[in-house]
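In UniProt numbering, the protein residues as written are 1 to 114.
What follows is a single structure, written as structure tokens, with notes after it.
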Amino acid sequence: MDLDEEVDYCPFRRFTRESLFNIERRIAEEKAVKQTEKTPAETDSSDDEGDEPSHHEPELKPNPKLEAGRKLPPSLEDFPAHLTGRPVEDLDEYYHNQLVSITYLNNFVLSAMP
């Protein structure tokens, strides 16, 4: 492959059984982490620091540019024709471990929570 050859990057990926498996795996991993964090907190209930999370990750929030009912950002307006009418994976990292239905229609984002 030539270094000069451009590879077209498409942020849209078709939602498959593997996509569902990956979401379910991330949900299970998150539950396991919460359970392991909860267990030591229960045994050390006398500590005042037990109420604080053990890791300080910034809270992830939905991307306002990808909010339901809004027009897609210009960089995402070129939706691939072969994915029209097909389920696609969510682009917003906030939903990477949630089961949601996402539809892109005429450059607009439509979503439904279970």
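From the three backbone atoms N, C-alpha and C, an ideal C-beta is built for every residue, glycine too.
Residues bridged to residue i (per DSSP)
i, result
"V88", "R14"
"K31", "Answer is none; K31 lacks a bridge partner."
Residues near residue i by beta carbon distance below 7 Å, same chain, minus five either side
i, result
"E89", "R13, F15 and S19"
"P11", "L76 and L91"
From the options, residue whose alpha carbon lies closest to that of residue i
i, options, result
"E59", "L83, E93, V100 and Y9", "E93"
"D8", "V100, T84 and F79", "F79"
Same chain, Cβ closer than 6 Å to residue i, five either side skipped, listed in chain order
i, result
"T39", "none"
"N97", "R26, I27 and E30"
"R86", "R14"
"P73", "K65"
Cβ neighbours of residue i in the same chain (closer than 8 Å, five flanking residues each side left out)
i, result
"P62", "D92, Y94 and Y95"
Expected contact under 8 Å - CB spacing of residue i and residue j to nearest Å
i, j, result
"I23", "L99", "6 Å"
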